[in-house]
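K.L.:
Have a look at the structure that comes next, please.
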Amino acid sequence: MAVAVYTTLADESDEALVAIAQRELPAPCEAFDVLVARHRARVERRAAAIVGSRADAEDVAQEVFLSVFRALPRYRPVQPFAHWLERIVTNSCRMHLRARRRHDRRVAAVASDWRARKPIDVRPDVRRDALFLCGRLSDVNRRAFVLRTADDAPYREIADELGISESAAKMRVRRARAEAERLAVAQRGEWTAAPA
Numbered sequence: 035m036a037v038a039v040y041t042t043l044a045d046e047s048d049e050a051l052v053a054i055a056q057r058e059l060p061a062p063c064e065a066f067d068v069l070v071a072r073h074r075a076r077v078e079r080r081a082a083a084i085v086g087s088r089a090d091a092e093d094v095a096q097e098v099f100l101s102v103f104r105a106l107p108r109y110r111p112v113q114p115f116a117h118w119l120e121r122i123v124t125n126s127c128r129m130h131l132r133a134r135r136r137h138d139r140r141v142a143a144v145a146s147d148w149r150a151r152k153p154i155d156v157r158p159d160v161r162r163d164a165l166f167l168c169g170r171l172s173d174v175n176r177r178a179f180v181l182r183t184a185d186d187a188p189y190r191e192i193a194d195e196l197g198i199s200e201s202a203a204k205m206r207v208r209r210a211r212a213e214a215e216r217l218a219v220a221q222r223g224e225w226t227a228a229p230a
């Protein structure tokens, strides 16, 4: 009497799972899911040891398994799958650290530039007139005007702050400037025709 032996994918070696996944590519498959489940914890631990953050390690692990999926057709079992995976983890961590350093340098440069700005010296009468004009602008125009003129905020930031599109933010700033000019002219006692 012959005994039938059934195995599940979880019982297969890494190399056997890779071979199954390579046959089923480009569609995601259960064999690849088993590889991910088998190696995820180790990949995250290794990434955390290199990048120094659990949250960053989880992001790196996602990138690692995406890279593995994309590179799977090129994998040749000359070396064990675990060694190949380890190289991908190391390279992904290096790329992550380089990107983080670039980001940190950009943030430091912006912060340094911001701290280096000199406050604008404004005559008291000009400051008083500007505050008066801002107080007379409609609320939504005042917010757009102050964000763009005083804070030098980009239109994207103004749009986010006001909950509108970027093109609407540009229009809002234009209208606010036009309204401020009309108020300034009226304040000086001059009369001009309203723009069409």
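Counting in the working numbering, the sequence shown runs from 35 upward without gaps.
Cβ atoms here follow ideal geometry from the backbone N, Cα and C, with glycine treated the same way.
Predicted, not measured: the structure shown is a model, and the values here were computed from it.
1) So, under 8 Å CB-CB, Val207 and Ile192 are touching, yes? Tell me the CB distance rounded to an integer number of Å.
2) What's the C-alpha gap between Phe115 and Arg140?
3) Arg99 and Val68: beta carbons closer than 9 Å?
4) Return the CA-CA distance between Ser199 and Ala212, expressed in angstroms with no decimal places.
5) As a quick exercise: from Arg128, Leu119, Arg209, Asp138, pick the residue whose alpha carbon is nearest that of Arg76.
6) When DSSP labels each residue in this structure, what does Pro107 get in the three-state scheme?
7) Measure the Cβ-Cβ separation of Ala178 and Ala210 and say whether it is below 9 Å.
8) Can you tell me whether Ala89 is buried or exposed, with buried defined as 16 or more other CB within 10 angstroms of its CB?
9) I'd like the list of long-range same chain contacts for Ala56, defined as Cβ closer than 8 Å, with 5 residues on each side in sequence excluded.
10) Could you compute how far the alpha carbon of Glu215 sits from the alpha carbon of Ala82?
11) When you compare the CB positions of Arg79 and Ala61, do they come within less than 9 Å of one another, or not?
12) Rounded to the nearest angstrom, what separates Ser112 and Ser201 at their Cα positions?
13) So, at 8 Å on beta carbons, what are the nonlocal neighbours of Asp64 in its own chain, with the 5 sequence-adjacent residues on each side left out?
14) Near Val123, which residues of its chain fall below 7 Å by C-beta distance, leaving aside the five closest residues on each side in sequence?
15) Using DSSP with H/G/I as helix, E/B as strand and the rest coil, what is Val112?
P.N.:
Let me lay it out:
1) The sequence position of residue 207 within the sequence shown is 173, counting from 1. The sequence position of residue 192 within the sequence shown is 158, counting from 1. Yes, they are in contact, since the Cβ atoms of Val207 and Ile192 sit about 7 Å apart, within 8 Å.
2) Position 81 of the sequence shown, counted from the first residue, corresponds to residue 115. Position 106 of the sequence shown, counted from the first residue, corresponds to residue 140. Cα to Cα, Phe115 sits roughly 38 Å from Arg140.
3) Taking the sequence shown and counting its residues from 1, the one referred to as residue 99 is at position 65. Taking the sequence shown and counting its residues from 1, the one referred to as residue 68 is at position 34. In the sequence as displayed, the identity of residue 99 is Phe instead of Arg. It is not a contact, given that the beta carbons lie outside the stated cut-off.
4) Within the sequence shown, residue 199 is the residue found at index 165, counting from 1. Within the sequence shown, residue 212 is the residue found at index 178, counting from 1. About 20 Å.
5) Here the question's residue 76 lines up with position 42 in the sequence shown. Per the Cα distances, Leu119.
6) For this step, residue 107 is matched to residue 73 along the sequence shown. If DSSP states are grouped into helix, strand and coil, Pro107 belongs with the helices.
7) Against the sequence shown, residue 178 aligns to sequence position 144. Against the sequence shown, residue 210 aligns to sequence position 176. A contact, by the Cβ cut-off of 9 Å.
8) As a first step, residue 89 must be located in the sequence shown, where it is residue number 55. When all chains shown are included, Ala89 counts as exposed.
9) To locate residue 56, count along the sequence shown from 1; it is residue 22. Residue identity differs from the one stated: residue 56 is Gln in this sequence, not Ala. Excluding positions up to five away in sequence, the list reads Leu106, Pro107, Tyr109.
10) Sequence index remark: in the sequence shown, residue 215 carries index 181 (1-based). Sequence index remark: in the sequence shown, residue 82 carries index 48 (1-based). If I take the Cα positions, the gap works out to 57 Å.
11) Start at 1 with the first residue of the sequence shown, and residue 79 comes out as number 45. Start at 1 with the first residue of the sequence shown, and residue 61 comes out as number 27. No.
12) For the purposes of this step, residue 112 is taken as residue 78 along the sequence shown, with counting starting at 1. For the purposes of this step, residue 201 is taken as residue 167 along the sequence shown, with counting starting at 1. First, the residue type needs correcting, since residue 112 is Val and not Ser in the sequence shown. Approximately 56 Å between the Cα atoms of the pair.
13) Counting from one through the sequence shown, the residue named residue 64 turns up at place 30. The displayed chain sequence assigns Glu, not Asp, to residue 64. Same-chain partners within the cutoff: Leu43.
14) For the purposes of this step, residue 123 is identified with residue 89 of the sequence shown, where counting begins at 1. Excluding sequence neighbours, Val123 sits near Val77, Arg80, Ala81, Val98.
15) Here residue 112 refers to the residue found at position 78 of the sequence shown. If DSSP states are grouped into helix, strand and coil, Val112 belongs with coil.
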